[in-house]
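Residue numbers (this note's numbering): 4 to 382.
Beta carbons: idealized from backbone N, C-alpha and C, even for Gly.
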Amino acid sequence: MHPDALRTWTEAPNRLSQAWILPVAMLLTALLVGSAIVWNVWGLASPLVLILLIQVGMTRALRKQLHEALYGVENAFDDLKLLAGLLARVEREPFRTKPLQTLIQRLASHKLPASRTIARLSTIVQLVESRRNPILQVLDIPLMYSVQVALAAERWRREHGNAVRAWLDVIGELEALISLASYSYEHPDDPLAEFTEGPVTFDGVSLGHPLIPATKCVRNDVSIDGTTRVLLISGSNMSGKSTLLRTVGVNTVLAMAGAPVRAQRLRLTPLQVGASIRINDSLHEGSSRFYAEITRLRQLHELSEAELPLLFLLDEMLQGTNSKDRRVGAEGVVQAFLQQGSIGLISTHDLALADIDAAGGHRLRNMHFQLYGDRKSVV
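As structure tokens, this is what we get:
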């Protein structure tokens with residue numbers, strides 16, 4: 004599906020909003036039938052020709068609006084057909100819990116179920132597609148067929164278009180809930196996180212990444228509380244530094260979503276996650292890797308000013324500059340984050356960063372990955 008394009012179509016202004024179009028189109032059709040009778044009985048063709056010319060002029064004047072309305076509804080209906088199948092499946096489900104019942108109540112428009120509402124549009128689309136019939140192509144202008152079908156499509160959009168955004172939101176939320184429920188079912192040993200109040204905290208025991216098979220997953224304890232606000236992790240290539248940052252981030256997201264976490268135990272205060280991982284340069288945008296990372300760090304700092312404390316994850320911070328500037332810059336960045344009450348993890352190959360203590364009081368703690376055969380551990 005293309006939800007953004009679908010929302011744009013359903014919420015766009017009415018293309019045929021002039022109130023005179025429908026009555027004039029119906030009047031011209033009726034007059035044409037009457038003039039055809041006059042021609043047949045009295046042989047007077049001039050009224051028929053005159054009305055046909057008026058119809059041609061009206062159709063040409065509305066040509067752009069008709070094209071947008073008719074082709075717009077045809078393109079959007081491809082997505083709406085798929086959405087209708089999902090909605091019909093959901094509407095058949097007997098939800099028992101109050102939150103889900105409240106969610107499903109949004110799947111309606113003017114008290115009509117969403118799937119039936121889209122079924123009405125299906126009839127209109129069939130009429131639109133019928134314009135390609137050779138007989139209707141001949142009768143299109145005399146019957147003002149395209150005008151009336153386009154008006155029907157715009158009328159559906161005016162009455163039900165604003166409900167489509169809610170339908171998409173409900174389907175998206177249900178998909179997220181199904182994903183979390185499936186994860187919980189497939190990993191019955193994974194516990195729910197424990198949320199606590201007080202100073203910003205992240206305390207995980209035997210943390211692992213949910214996407215790494217259990218036989219290969221190396222688990223680690225990660226604790227950021229008390230005086231320790233930042234963990235600076237060094238180590239060789241492929242030792243697991245970036246994976247640890249991702250492990251902390253994804254488990255925090257799972258915890259905040261109310262899902263089980265891949266850990267023996269996880270205790271934390273409510274957090275938002277901000278990461279600078281896999282930052283690359285861009286020839287198209289004309290930005291170097293260093294500039295791209297600085298831009299990302301600025302975004303994270305703005306994020307840290309929000310009400311919810313930030314858990315920042317910085318992989319190979321300021322890699323695109325020399326060791327001296329990297330040390331000075333890293334100290335300034337960490338200082339700025341800590342002043343906002345944030346906590347986080349930083350990975351690096353540069354051991355010069357191990358000497359920084361951005362806020363005093365040993366708030367930054369150095370950690371190091373070491374390899375033992377094919378196993379990795381933090382010491």
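In the structure shown, what three-state DSSP assignment does residue i receive?
i: V225; result: strand
i: I236; result: strand
i: A87; result: helix
i: D192; result: coil
i: R203; result: With the sequence shown as reference, residue 203 is identified as Val, and Arg is not the correct amino acid for it. Correct three-state label for V203: coil.
i: R160; result: helix
i: L124; result: helix
i: Q104; result: helix
i: T116; result: In the sequence on display, residue 116 carries Pro and not Thr. The answer is strand: DSSP assigns P116 an E or B state.
i: A179; result: helix
i: S209; result: strand
i: V276; result: strand
i: Q267; result: coil
i: E197; result: strand
i: V111; result: It should be pointed out that residue 111 corresponds to Ala in this sequence rather than to Val. In this structure, A111 counts as strand in the three-state DSSP scheme.
i: Q384; result: In this structure the chain extends from 4 to 382, so residue 384 is not present and cannot be described.
i: K244; result: helix
i: E296; result: helix
i: R281; result: coil
i: D7; result: helix
i: H352; result: coil
i: Q68; result: helix
i: G261; result: coil
i: L53; result: helix
i: A15; result: coil
i: K219; result: coil
i: M147; result: coil
i: L73; result: helix
i: R63; result: helix
i: F80; result: helix
i: E94; result: helix
i: G46; result: coil
From the DSSP secondary-structure annotation, give me the bridge partner or partners of residue i.
i: I359; result: DSSP lists no partner for I359.
i: G347; result: V233 and F315
i: L367; result: V233
So, is residue i buried or exposed, given that buried needs 16 or more other C-beta atoms within 10 angstroms?
i: T230; result: exposed
i: A8; result: exposed
i: T100; result: exposed
i: T351; result: buried
i: D81; result: exposed
i: K67; result: exposed
i: S125; result: exposed
i: K244; result: buried
i: I227; result: buried
i: L214; result: exposed
i: G60; result: exposed
i: A258; result: buried
i: Q108; result: exposed
i: D193; result: buried
i: T105; result: exposed
i: V336; result: buried
i: Q302; result: exposed
i: R135; result: exposed
i: I40; result: exposed
i: Q373; result: exposed
i: M320; result: buried
i: N223; result: buried
i: S242; result: buried
Assuming residue i and residue j form a contact by the criterion Cβ under 8 Å, report the distance between their Cβ atoms to the nearest whole angstrom.
i: E157; j: L65; result: Not a contact, Cβ separation roughly 12 Å.
i: T199; j: R268; result: With 8 Å as the limit, T199 and R268 do not qualify as a contact, their Cβ atoms being about 12 Å apart.
i: I121; j: L69; result: I121 to L69, Cβ: 23 Å. No contact.
i: L316; j: L274; result: That pair is no contact at about 11 Å.
i: T255; j: L306; result: Actually they are not in contact, since the Cβ atoms of T255 and L306 sit about 14 Å apart, beyond 8 Å.
i: L183; j: A260; result: 6 Å
i: I282; j: E296; result: 5 Å
i: P6; j: L180; result: So it is not a contact: roughly 18 Å between Cβ atoms.
i: L139; j: S133; result: 6 Å
i: G347; j: V233; result: 6 Å
i: R31; j: L51; result: According to the sequence provided, residue 31 is Leu. The question's Arg does not apply to it. Their Cβ separation, rounded to whole angstroms, is 12 Å, which puts L31 and L51 out of contact at 8 Å.
i: A79; j: W12; result: 4 Å
i: M4; j: L85; result: 6 Å
i: P145; j: L55; result: 7 Å
For this session: Take every Cβ of the region 17–37, pair it with every Cβ of the region 148–159, and state whether three or more of those distances are shorter than 8 Å.
Result: Touching, per the Cβ criterion.
For this session: Take every Cβ of the region 162–170, pair it with every Cβ of the region 108–118, and state whether three or more of those distances are shorter than 8 Å.
Result: The region 162–170 makes contact with the region 108–118: 3 or more CB pairs, one atom from each, lie closer than 8 Å.
Problem set entry | Validate contact between the region 255–266 and the region 204–215 using beta carbons, cut 8 Å, 3 pairs | yes
For this session: May I ask you to verify whether the region 91–106 touches the region 123–140, counting CB pairs closer than 8 Å and requiring at least 3?
Result: These segments do not touch.
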